[in-house]
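These notes concern the structure reproduced below.
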Amino acid sequence: KWELEDLCLRYLEPEIYEELANKLAERRHDREAYLDKVVADLRQALVQEEIEAEVSGRPKHLYSIYKKM
């Protein structure tokens, strides 16, 4: 579903798509580092509380970001 939404945004709103894609590319390293830190902190807190859980993160897709604007 998300692939189709991103493709629709790309062809129906090419300027917005390009702007979002460029901004995300510029900040990719910062976002990945932040996500890694949050996941590590959360895992550590869960271990301290003796809670077994799997923690993961994922980036949002362009259309999802566009909808929240």
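Residue 69, in the numbering used here, is where the sequence shown stops; the numbers in between run on with no holes.
For glycine and all other residues, C-beta sits at the position ideal for the given N, C-alpha and C.
When you compare the CB positions of residue i and residue j, do they come within less than 9 Å of one another, or not?
i     : j     : result
Tyr34 : Leu62 : no
Tyr66 : Glu26 : no
Compute the beta-carbon to beta-carbon distance between residue i and residue j, rounded to the nearest angstrom, for a pair I have assumed lies under 8 Å.
i     : j     : result
Leu46 : Ala53 : 5 Å
Taking its Cβ as the centre, do 16 or more other Cβ atoms sit within 10 Å of residue i, making it buried, or is it exposed?
i     : result
Leu20 : buried
Leu4  : exposed
Leu7  : exposed
Leu9  : buried
On the DSSP letters alone, give me the boundaries of the alpha helix (DSSP H) that residue i sits inside.
i     : result
His29 : 28 to 48
Ile51 : Unbroken run through Ile51: none, as it is neither H nor E.
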